[in-house]
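Participant: First, the structure itself, so that you have it in front of you.
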Amino acid sequence: MTSARKRILAAFSVVIGAVAQAAAADPLIVNADSRDGQSLDGEWTYSVDPYRDGLAGFHGGPVGQGYARFDPRDVDAYTRENPSALFEYDMRKADKVDLPSSWINHAPEMRHYQGLVWYQKIFTPTIKKGERSFVRLGAANYRSYVYLNGTKLGEHEGGFTPFLFEVTDHLKPGENVLSVGVDSVRDETSVPPPVTDWETYGGITRSVKLIQLPETFVDDVFARLTDADTMAFDVQLDGPKAAGQKIQVSIPALNVSLSGKADAEGHWSTTTNVPAALEKWSPDNPSLYDIKVQSGKDSVEDRVGFRTIAVDGTDILLNGEKIFLRGISMHEEEMGPDPSRIMTEEAVRALFTEIKDGLNGNFVRLAHYPHAELTTRLADEMGLLVWSEIPVYWRIDWTNEETLDAALAMQQENILRDRNRASIVLWSIGNETPLSDARNRFMMTLADAVRALDPTRLVTAALLTETKSEDGVLTAHVDDPLSDSLDVLSVNTYNGWYGSVPLADVSEVRWRSDHDKPMIFSELGAGAQKGFADPDLMRKFSEDYQAEYYRETLEMADHVPFLAGLSPWILKDFRSPRRQHPVYQNGWNRKGLISETGERKEAFDVLSDYYAGRAER
């Protein structure tokens, strides 16, 4: 059984107060970006390894000298001393690149490369006696092999969540060599599977950091409202002195000061009444408070918002008030003609500004995988509600226990990273998964795990539906067996773009549900190439067709009494190797309301006007 599965199972069985606590199998290091340490971003060298010579010999045995690209030796210096030595690589003389960044823009020949790439970083750390050191990677896509000074630290599966390794006993004074092999290739047991509808973006796509902490440190903090009147905190310590160590939590702006002692497992939980001065977080008032947690020699600080999210029949309630989610979906891809998944604050802020100010939105679906921590923090700051999703997508291997373990691990890493982000209101367990008994069991396990790790948010998944004629009326029926395990039903609907329903009839489609639950249109959309006008023929891929599609679909939405929000597909045209029409696509999914360079299409204003009207209802 993997450590991820053990941790999830522990979460099911250990309940402290109102919160199911995940027993820490490995350090987490909450709010890692704020911790002391050394950024390892910037210049690295890289070398492609399409036959994976750096992992094993060609007969399947151990990798031999001359092929082990994680070997820290200076190849040039070594061969000067040993002229007969044969090396098939030299990482120190390999091509240089700035990370984080996908490798698709490292060089022209890397544009469509899929396989293993080795990266190397040479750095000199400051080693302090009595401190522990960790190497943390924000994300590397898809499978990673990490070595320090030639010693294997471990492996990680999954392209969108952080992972770390303790290196306290592996660092040395002076030069250290960090080697990371990243393999972008996925198989039928992977999460996501090999076939998707977005660019793979292989490589080290988020920041790498050497974190240095006291021997016993604050590993995890979970601060939230459990209801309108109660503020709760859970703190987990890691280290040899965790048991019984004093813990203090303070929020100066609210005059909150709480203290207690960790139990034998290093955990402490407490609650307090909501301070009268608290301004609850919302899109209209994204109030954040500085929170500090102190224990022994360590302290961690964060900026946290406090709000409640719940459902009441077919309504979603934010802070006890009904809210309609005026949203859009978004991939993790910056604007520009040649994106490389370099998600700087400027890049994310530009996308969010289009949603918040341009579309009059209050909600974003971060599809189809966990986006960068920077993104969810900016959502907190700018006031956008967030749907956060793991890449359980399309044709997952539902009967494979290792695939379930991988999905649970990704879900755990995502939730534990972002539980303190007030903006996140929905944890999604998957997208467009076909019905079967095995799929239902798989997805229900994920839903149970979400509630074990974070019972304060809503659980959803993007479901598939069919539209049929019933008594002469075009009717879409929400009847997925997974519905009973969800708090919010979400459906992807593309009548008028895919399927047989004519565009002119889309507004006539009526929806029914067997569940007294809110529903979101998690996807709806039509492709359009910016600048292609065709008002007479109204051909697909014209801006005219896309705009009319939105008018018809939004009129349909107004006739769904249990609809609680929308996140149309999608904000920006994004790269997708599946989309190869030589005139309209050329490797881009054109369903964006803005082009890849940020030009608004006609349908942008259609949705913006609709949301402006919705905001006034």
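Here my numbering is used: the first residue of the sequence shown is 120, the next is one more, and so on. All C-beta atoms, glycine included, are put in the ideal place defined by N, C-alpha and C. These numbers come from a predicted model, not from an experiment.
(1) Quick one: grab the DSSP three-state call for Gly732.
(2) Ignoring anything shorter than 3 residues or poking outside the region 382 to 438, list the beta strand (DSSP E) runs there in chain order.
(3) Can you look up Ala226 in the DSSP assignment and give me helix, strand or coil?
(4) Where does Gly455 sit, in a helix, a strand or coil, going by DSSP?
(5) Taking a contact to mean a Cβ-Cβ separation below 7 Å, would you say Val628 touches Thr564 in this structure?
(6) Assuming Glu276 is part of the beta strand (DSSP E), what are its boundary residues?
(7) Out of Asp195, Met675, Asp338 and Gly379, point me to the one whose CA is closest to Asn150's CA.
(8) Nearest CA to the CA of Leu174: which residue from Asp190, Gly161, Trp163 and Thr164?
(9) Would you decide whether His487 is buried or exposed? Buried here means 16 or more other CB atoms lie within 10 Å of its CB.
(10) Whole angstroms are fine: how far does the CA of Asp145 sit from the CA of Leu535?
(11) In this structure, how does DSSP classify Lys475 when only helix, strand and coil are distinguished?
(12) Using the C-alpha atoms, what's the distance from Ile548 back to Gln531?
(13) For a quick check, are the C-beta atoms of Glu162 and Lys215 less than 7 Å apart?
(14) Suppose the cutoff is 7 Å on Cβ atoms and the five residues either side in sequence are ignored; what does the same chain contact list for Asn224 look like?
(15) For Lys710, does the count of other Cβ atoms within 10 angstroms reach 16, so buried, or fall short, so exposed?
(16) Starting from the C-beta of Met501, find all residues in its chain whose C-beta is less than 7 Å away, skip the five residues before and the five after it, and write them out in chain order.
(17) Quick one: grab the DSSP three-state call for Ala498.
(18) How big is the Cα-Cα spacing for Ala143 and Ala383?
(19) What's the C-alpha gap between Gly446 and Asn481?
(20) Rounding to the nearest angstrom, what Cα-Cα distance links Arg697 and Thr315 in this structure?
(21) Going by C-alpha to C-alpha distance, which of Ser369, Phe341 and Asp524 sits closest to Asn539?
(22) Which residues bound the alpha helix (DSSP H) around Leu565?
(23) So, are the CB atoms of Thr270 and Met210 less than 7 Å apart?
(24) Please go through the same chain and pick out, in chain order, the residues whose beta-carbon is closer than 6 Å to the beta-carbon of Asp635, but skip the five residues on each side of it.
(25) Just to check, is the beta-carbon of Asp516 closer than 6 Å to a non-hydrogen atom of the ligand SAM?
(26) Hey, how far is the Cα of Leu690 from the Cα of Pro510?
(27) So, with DSSP's three-state summary, where would you put Met529?
(28) Keeping to the same chain, check which residues put their C-beta closer than 7 Å to that of Ala372; ignore five residues upstream and five downstream.
Facilitator: On the basis of the supplied data:
(1) Looking up residue 732 in the sequence shown gives position 613. The DSSP-derived three-state label of Gly732 is helix.
(2) The qualifying runs are 386 to 392, 408 to 414, 417 to 423, 428 to 431 and 434 to 437.
(3) Taking the sequence shown and counting its residues from 1, the one referred to as residue 226 is at position 107. Judged by DSSP in its simplified three-state form, Ala226 adopts coil rather than helix or strand.
(4) Here the question's residue 455 lines up with position 336 in the sequence shown. In the three-state DSSP reduction, Gly455 falls in the coil class, being neither helix nor strand.
(5) Along the sequence shown, read from residue 1 onward, the residue named residue 628 stands at position 509. Along the sequence shown, read from residue 1 onward, the residue named residue 564 stands at position 445. At least 7 Å separates the beta-carbon of Val628 from that of Thr564.
(6) Residue 276 sits at position 157 when you count from the first residue of the sequence shown. First-last of the beta strand (DSSP E) with Glu276: Thr270 to Glu276.
(7) What you label residue 150 is simply residue 31 of the sequence shown in a count that begins at 1. Taking only the C-alpha atoms, the option nearest Asn150 is Asp338.
(8) Position 55 of the sequence shown, counted from the start, is the residue given in the question as residue 174. With distances taken between CA atoms, Leu174 lies nearest to Asp190 out of Asp190, Gly161, Trp163 and Thr164.
(9) As a working mapping, residue 487 is identified with position 368 in the sequence shown. His487 should be labelled buried.
(10) The count along the sequence shown starts at 1 and reaches residue 535 at position 416. The count along the sequence shown starts at 1 and reaches residue 145 at position 26. Linking Leu535 to Asp145 through their CA atoms gives a straight-line distance of about 12 Å.
(11) Taking the first residue of the sequence shown as 1, we reach residue 475 at position 356. Note: Lys475 maps to helix in three-state DSSP.
(12) Sequence index remark: in the sequence shown, residue 531 carries index 412 (1-based). Sequence index remark: in the sequence shown, residue 548 carries index 429 (1-based). Using only the alpha carbons, I get a separation of about 11 Å.
(13) The sequence position of residue 162 within the sequence shown is 43, counting from 1. The sequence position of residue 215 within the sequence shown is 96, counting from 1. At the C-beta level, Glu162 and Lys215 come within 7 Å of one another.
(14) Looking up residue 224 in the sequence shown gives position 105. For Asn224, the CB contacts under 7 Å within the same chain, skipping 5 residues up- and downstream, are Asp457 and Ser459 in chain order.
(15) Residue mapping note: residue 710 aligns to position 591 of the sequence shown, counting from 1. When all chains shown are included, Lys710 counts as buried.
(16) Residue numbering aside, residue 501 sits at position 382 when the sequence shown is read from its first letter. Hits under 7 Å: Pro405, Phe471 and Lys475.
(17) Counted from its first residue, the sequence shown places residue 498 at position 379. Three-state result, Ala498: helix.
(18) The sequence position of residue 143 within the sequence shown is 24, counting from 1. The sequence position of residue 383 within the sequence shown is 264, counting from 1. Caution is warranted here: a pLDDT of 40 is assigned to Ala143, below 50, making its placement in the model unreliable, and no coordinate value can be reported.
(19) Position 327 of the sequence shown, counted from the start, is the residue given in the question as residue 446. Position 362 of the sequence shown, counted from the start, is the residue given in the question as residue 481. Here the alpha carbon of Gly446 sits roughly 6 Å from the alpha carbon of Asn481.
(20) In the sequence shown, residue 697 corresponds to position 578, counting from 1. In the sequence shown, residue 315 corresponds to position 196, counting from 1. Here the C-alpha atom of Arg697 lies approximately 8 Å from the C-alpha atom of Thr315.
(21) Locating residue 539 in the sequence shown gives position 420, where the first residue counts as 1. For Asn539, the closest C-alpha among the options Ser369, Phe341 and Asp524 is that of Phe341.
(22) By one-based count along the sequence shown, residue 565 stands at place 446. For Leu565, the uninterrupted alpha helix (DSSP H) run begins and ends at Asp556 to Leu572, by DSSP.
(23) By one-based count along the sequence shown, residue 270 stands at place 151. By one-based count along the sequence shown, residue 210 stands at place 91. Result no, Cβ atoms of Thr270 and Met210 do not sit closer than 7 Å.
(24) As a working note, residue 635 is residue 516 in the sequence shown. Same-chain partners within the cutoff: Gly432.
(25) What this structure holds is no ligand at all, so the ligand SAM is not there to describe.
(26) What you label residue 690 is simply residue 571 of the sequence shown in a count that begins at 1. What you label residue 510 is simply residue 391 of the sequence shown in a count that begins at 1. Rounded to the nearest whole angstrom, the C-alpha separation of Leu690 and Pro510 is 19 Å.
(27) Position 410 of the sequence shown, counted from the start, is the residue given in the question as residue 529. When DSSP states are grouped into helix, strand and coil, Met529 belongs to the helix group.
(28) As a working note, residue 372 is residue 253 in the sequence shown. Closer than 7 Å at Cβ, skipping near neighbours: Tyr408 and Asp409.
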